[in-house]
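These protein sequence lines map, in sequence, to chains A and B. Just so it is clear: in the first sequence, position 100 is 100 by my numbering, and no numbers are missing. So the number in my numbering is just where the residue sits in the second sequence, counting from 1, plus 220. Okay, structure first, notes after.
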Amino acid sequence: MQRVIVPGLLAVAALMFARAPYLIDAAPYESTMGLVQKIFYFHVPAAMTSMLSAFVCGIASVLYLWRRRPAADHTALAGAELVVVFGVIALVTGPLWARKAWGVWWQWGDARLTITFVMWMIFVAYLLLRRFGGPGSEVMSAAVGLFGMALVPFVYLSVNFWRTIHPTTDVVRSLPPEMAWPFRWSIVAFVLFYAALVLVRVRLERQRLALDEAYAALEE
Amino acid sequence: MTTALRAAWLIAAKDLRTEFRSRELVYTTLFFGMACVLVFAFAFAAPSGDAIAGVLWIAVLFSGTVALGRTFERERQNETLRALLLAPVERGAVYLGKLIGLMILLGGLELVLVPIIGILFTAPVGRAPWLLAGLLLSGTLGFAAVGTLFSAMLSRVQSRDILLPVVLYPLTVPVVIAGVEGTAAIFAADPRFDVARMWLAMLIFFDAVFVTLALWTFGAVMRE
């Protein structure tokens with residue numbers, strides 16, 4: 001089953017990513033920011049995929065703590081790694097855009113920037129714990145995943161009381177259709193690519209576990 | 221429920237009795253907190269309301285981390301963690317007991333640190349004492365609630381000393397934000413008590429959610 005799904009997802013995502021630059025090029029220039037605004041078509045989908053992955057990791061972590069099924073743990077690990085990967089894309093493209101639009105690379109006290117950075121840090125902590133935690137680290141990191149997910153509303157609330165210069169999510173709804181089309185295209189491409197990566201990573205982790213168990217059985 | 225609370229209190233009393241006999245944590249965390257304040261006194265030329273609030277919270281959180289690392293280290297060194305977990309009480313009671321013991325210790329630490337900061341930085345710590353105490357206690361509770369859970373889990377891990385802050389600080393960012401903002405609102409030249417009360421409400425909300433989550437997770441994690 002997975003032999004068909006993963007290559008299929010990857011192929012569709014690759015075709016969509018190949019087509020995306022043409023669509024982004026054809027979209028109209030934003031009135032004040034001009035060419036710089038084009039980074040939006042990759043920056044926002046990357047940030048959204050990263051957030052989606054945080055929820056995948058959080059829910060899988062809760063399921064793992066509750067039922068202790070290895071599959072849930074593998075999904076949580078894949079989710080955490082991809083939060084970091086897509087988070088890096090968002091955190092690199094964000095300052096590049098901010099430098100041109102706001103004149104600064106980074107703006108502490110901005111809701112969306114801070115929440116993205118804190119979430120990214122939490123999932124880096126998840127991976128560090130996993131890497132250096134030794135035996136039993138999957139349970140500990142599951143707790144980090146659970147707390148990380150529970151934290152989102154708090155970070156969001158606490159930073160929202162500050163003044164924010166980042167565009168709110170309302171921007172997405174008010175996009176003119178010529179801009180909305182390449183934006184939605186990019187989102188679908190990112191999510192398909194993300195789904196393929198999760199499936200591959202879960203399978204890899206499952207096989208690694210099976211290999212470890214086979215080694216252990218051989219030595220006995 | 222009452223038996224669980226009684227067990228929690230007995231565990232906290234045991235921890236405090238051990239602490240009272242050696243005074244290891246009281247002396248070291250207090251001195252560490254003062255060392256933090258000293259470093260910040262030189263890091264900022266003339267700290268204003270916002271910076272003093274930051275100094276106070278960093279001193280509390282850093283010395284809190286030191287204390288957190290030690291509470292379970294003591295159990296591990298004496299091989300009593302297993303005995304504690306084998307005790308015929310609910311897992312949540314063990315967690316609550318550790319949390320209560322830690323809260324009493326950190327509360328005492330804050331009782332000393334706050335006047336020191338008030339004197340050294342001429343900060344208006346007596347302007348709204350109950351509001352400040354509320355912010356500090358609810359902030360410490362949120363920090364200690366997450367910290368006790370991870371400290372317990374990490375007690376069996378080799379590199380626990382470095383992994384605890386790595387995990388704990390990103391997870392307690394809302395506590396730092398709410399605590400510092402609330403305290404800065406009190407310390408400001410033009411104090412805004414309504415703002416401080418709003419941050420206090422958020423800290424209490426945070427505490428309620430995170431203590432509940434930690435209780436459940438502690439039971440789910442410390443099974444073996």
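Where a beta carbon is used, it is the ideal one built from N, C-alpha and C, also for glycine.
Residue i versus residue j: straight-line alpha-carbon distance, rounded
i, j, result
"residue 64(A)", "residue 119(A)", "20 Å"
"residue 262(B)", "residue 249(B)", "20 Å"
"residue 66(A)", "residue 197(A)", "25 Å"
"residue 253(B)", "residue 306(B)", "35 Å"
"residue 431(B)", "residue 392(B)", "13 Å"
"residue 178(A)", "residue 23(A)", "9 Å"
"residue 12(A)", "residue 26(A)", "21 Å"
"residue 49(A)", "residue 191(A)", "6 Å"
"residue 208(A)", "residue 70(A)", "12 Å"
"residue 304(B)", "residue 438(B)", "13 Å"
"residue 325(B)", "residue 88(A)", "40 Å"
"residue 163(A)", "residue 382(B)", "Summary for residue 163(A): the model assigns pLDDT 48, below 50, so the residue's position carries little reliability; its value from the coordinates is reported in the next sentence. C-alpha separation (whole angstroms): 34 Å."
"residue 148(A)", "residue 123(A)", "8 Å"
"residue 193(A)", "residue 6(A)", "9 Å"
"residue 51(A)", "residue 328(B)", "40 Å"
"residue 338(B)", "residue 346(B)", "8 Å"
"residue 333(B)", "residue 128(A)", "33 Å"
"residue 101(A)", "residue 330(B)", "44 Å"
"residue 176(A)", "residue 29(A)", "11 Å"
"residue 214(A)", "residue 132(A)", "23 Å"
"residue 260(B)", "residue 275(B)", "7 Å"
"residue 14(A)", "residue 8(A)", "10 Å"
"residue 81(A)", "residue 410(B)", "46 Å"
"residue 255(B)", "residue 279(B)", "8 Å"
"residue 436(B)", "residue 96(A)", "42 Å"
"residue 136(A)", "residue 380(B)", "13 Å"
Rounded Cβ spacing between residue i and residue j (contact assumed at less than 8 Å)
i, j, result
"residue 245(B)", "residue 290(B)", "6 Å"
"residue 34(A)", "residue 53(A)", "Not really, about 32 Å apart at Cβ, beyond 8 Å."
"residue 388(B)", "residue 359(B)", "Between residue 359(B) and residue 388(B) the Cβ distance is about 14 Å, and since that is not below 8 Å, they are no contact."
"residue 257(B)", "residue 340(B)", "7 Å"
"residue 39(A)", "residue 93(A)", "5 Å"
"residue 16(A)", "residue 195(A)", "About 13 Å; that fails the 8 Å criterion."
"residue 272(B)", "residue 425(B)", "So it is not a contact: roughly 26 Å between Cβ atoms."
"residue 235(B)", "residue 404(B)", "That pair is no contact at about 33 Å."
"residue 295(B)", "residue 301(B)", "4 Å"
"residue 396(B)", "residue 322(B)", "In fact, because the Cβ distance is near 18 Å, the residues do not count as touching under 8 Å."
"residue 316(B)", "residue 228(B)", "4 Å"
"residue 434(B)", "residue 369(B)", "4 Å"
"residue 90(A)", "residue 47(A)", "4 Å"
"residue 114(A)", "residue 105(A)", "Residue 114(A) to residue 105(A), Cβ: 14 Å. No contact."
"residue 394(B)", "residue 151(A)", "7 Å"
"residue 390(B)", "residue 121(A)", "4 Å"
"residue 57(A)", "residue 83(A)", "6 Å"
"residue 74(A)", "residue 202(A)", "5 Å"
Neighbour list for residue i in chain D, Cβ cutoff strictly below 9 Å
i, result
"residue 379(B)", "No chain D is part of this structure, whose protein chains are labelled A and B."
Interface residues of chain B facing residue i [CB-CB closer than 9 Å]
i, result
"residue 40(A)", "Ordered by position in chain B, no residue passes the 9 Å Cβ test against residue 40(A), which lies about 27 Å from the chain."
"residue 76(A)", "The contacting residues do not exist; residue 76(A) stays about 14 Å from chain B at best."
"residue 65(A)", "436, 437, 440 and 441"
Cross-chain neighbours of residue i in chain B, by beta carbon under 8 Å
i, result
"residue 118(A)", "390 and 393"
"residue 143(A)", "369, 370, 373, 437 and 441"
Cβ-based burial, residue i [other Cβ within 10 Å; buried from 16]
i, result
"residue 277(B)", "buried"
"residue 145(A)", "buried"
"residue 335(B)", "exposed"
"residue 37(A)", "buried"
"residue 275(A)", "This structure does not reach residue 275(A), given that chain A is present from 1 up to 220, and the question cannot be answered."
"residue 267(B)", "buried"
"residue 42(A)", "buried"
"residue 240(B)", "exposed"
"residue 284(B)", "buried"
"residue 453(B)", "The requested residue 453(B) does not occur in the structure, where chain B is confined to residues 221 to 444."
"residue 299(B)", "exposed"
"residue 205(A)", "buried"
"residue 412(B)", "exposed"
"residue 212(A)", "exposed"
"residue 220(A)", "exposed"
"residue 419(B)", "buried"
"residue 44(A)", "buried"
Per-residue contacts from residue i into chain A (C-beta, under 9 Å)
i, result
"residue 374(B)", "129, 133 and 140"
"residue 383(B)", "125, 128, 129, 132, 133 and 140"
"residue 366(B)", "147"
Chain-ordered neighbours of residue i on chain A, where CB pairs are closer than 8 Å
i, result
"residue 433(B)", "146, 147 and 150"
Amino acids of chain B, ordered along the chain, whose beta-carbon sits closer than 7 Å to that of residue i
i, result
"residue 154(A)", "394 and 426"
"residue 122(A)", "390 and 391"
Chain A residues whose Cβ lies nearer than 7 Å to that of residue i
i, result
"residue 429(B)", "150"
"residue 386(B)", "125 and 128"
| Counting Cβ pairs closer than 8 Å, one from the segment 140–152 of chain A and one from the segment 366–375 of chain B, do we hit at least three? | yes
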